[in-house]
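J.:
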Amino acid sequence: MILLAVLLAVLFALFNAGPFSFSSSPALRQVAAVAAPVKAGIPVKVRVMHSIEGSPPTPPPHGLVFVVLGRLFSELDANGEAEFLLQPGNYSLMVSWRDGILYPHRMIVSVDKPLEVIVIFREEKITPISLKTYVNFTTSSTKIELEYKPPTDNNVYASTPFVSVLDHGGRKMVFPTSERLENHLTPRPYYLRLDAPAGYTLYDVVIPVYSKMEIIIPWTAMIVPWDEIFIPIQLTNATIIEETE
15 MILLAVLLAV LFALFNAGPF SFSSSPALRQ VAAVAAPVKA GIPVKVRVMH
65 SIEGSPPTPP PHGLVFVVLG RLFSELDANG EAEFLLQPGN YSLMVSWRDG
115 ILYPHRMIVS VDKPLEVIVI FREEKITPIS LKTYVNFTTS STKIELEYKP
165 PTDNNVYAST PFVSVLDHGG RKMVFPTSER LENHLTPRPY YLRLDAPAGY
215 TLYDVVIPVY SKMEIIIPWT AMIVPWDEIF IPIQLTNATI IEETE
């Protein structure tokens, strides 16, 4: 037993000194250096901005928007930016709002050099060209038919129209809500894709064809103030900037 204890003590001393030392081995230090994380890839920055009724674009509130690029997910920082490191290739980009109001923006990004993708969401108002009302006293509701001219932009979505009415008792009612909103024009999602303006030519004269939209409000509308009606629309534009070395 004494001989075995002496032998173990000698082996312990040998493996903790000189070239056998695990704590000071150059080979071990080299392996640790190789195992250190190495950042590699092409930098891609996604910047998101938001504007309401022509106001200067600003970053959206923190935590409200997220970005998915390829298989990577990122929140926006306080400046409305998200940064990625990617290998060369084509990637699907999605910019989405957690509140579900604005329609997500999707596009394909080709990565072969450093890029900055700027996505701007704009909320604007369209004033109808004409309207018709159909009051149903049985159901105490009113169908309102709006005629409007769509914007010329290709990527346009519309939400539920805002309509102010006076009912048979003289009360002013606002549909869908009279509450003041902080981050958007409307509490309803932008769900309806608007087609580009259409028209036809007759004797060298272009005759525009306007679009129509119908809503039903849960009141009997006796008066509809013309200057208090609008259709909220969402316009989304994306710009890709190649960063120079």
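In my numbering, the protein residues as written are 15 to 259. Built from N, CA and C at the ideal position, the CB exists for glycine as well.
#1: Please work out which residues of its chain come closer than 8 Å, Cβ to Cβ, to I247, disregarding the five sequence neighbours upstream and downstream, and give them in chain order.
#2: Go ahead and pull the three-state DSSP assignment for D113.
#3: Out of curiosity, what's the CA-to-CA distance linking V79 and P71?
#4: What beta strand (DSSP E) runs, 3 residues minimum, are completely inside the region 143-215?
#5: Please name the residue or residues paired with I243 in a DSSP beta bridge.
#6: Less than 8 Å between the CB atoms is what I'm expecting for K59 and E256, so what's the real figure, rounded?
#7: Might you give, ordered along the chain, the residues of its own chain that have their beta carbon closer than 7 Å to the beta carbon of R202, omitting 5 neighbours on each side?
#8: Would you mind working out which of I254, I243, T250 sits nearest I143, comparing C-alpha positions?
#9: For D113 and V188, what's the separation of their Cα atoms in angstroms?
#10: Got a sec? Which residues, its chain only, sit under 6 Å from H182 by beta carbon, not counting five neighbours each side?
#11: Can you check whether the CB of V62 is closer than 8 Å to the CB of V123?
#12: Among the candidates A54, V238, V125, whose CA atom is the shortest distance from the CA of L83?
#13: So K226 and E130 are in contact, right, with Cβ under 8 Å, and what is the actual spacing, rounded?
#14: Can you say whether W240 is buried or exposed, counting buried as having 16 or more other CB atoms within 10 angstroms of its CB?
#15: Are the beta-carbon atoms belonging to H76 and A92 less than 8 Å from one another?
#16: Let's see if you can read the secondary structure: which residues bound the beta strand (DSSP E) around S124?
#17: Indicate whether I158 and I56 have their beta-carbon atoms separated by less than 8 Å.
#18: Mind checking whether I231 and S155 have CB atoms under 8 Å apart?
#19: DSSP beta-bridge partners for E137?
#20: Let me confirm a value: L107 is counted as buried when at least 16 other C-beta atoms fall within 10 Å, else exposed. Which label applies?
#21: Taking just the CA atoms, how far does L86 sit from E67?
#22: Looking only at its own chain, which residues have a Cβ that is under 6 Å from the Cβ of Y148, when we skip the five neighbours before and after it?
T.: Put simply:
#1: E137, E138, K139, I140, P165, V170, Y171, A172, S173, Y204, L208
#2: coil
#3: 15 Å
#4: 144-150, 155-162, 170-172, 177-181, 186-189
#5: Per DSSP, none; premise fails for I243.
#6: Actually they do not touch by this definition, with Cβ atoms about 12 Å apart.
#7: S173, T174, P190
#8: I243
#9: 22 Å
#10: T234, M236
#11: no
#12: V125
#13: Contact flag wrong, Cβ pair sits at about 40 Å.
#14: exposed
#15: yes
#16: 119-125
#17: no
#18: yes
#19: I66, Q248
#20: buried
#21: 32 Å
#22: K157
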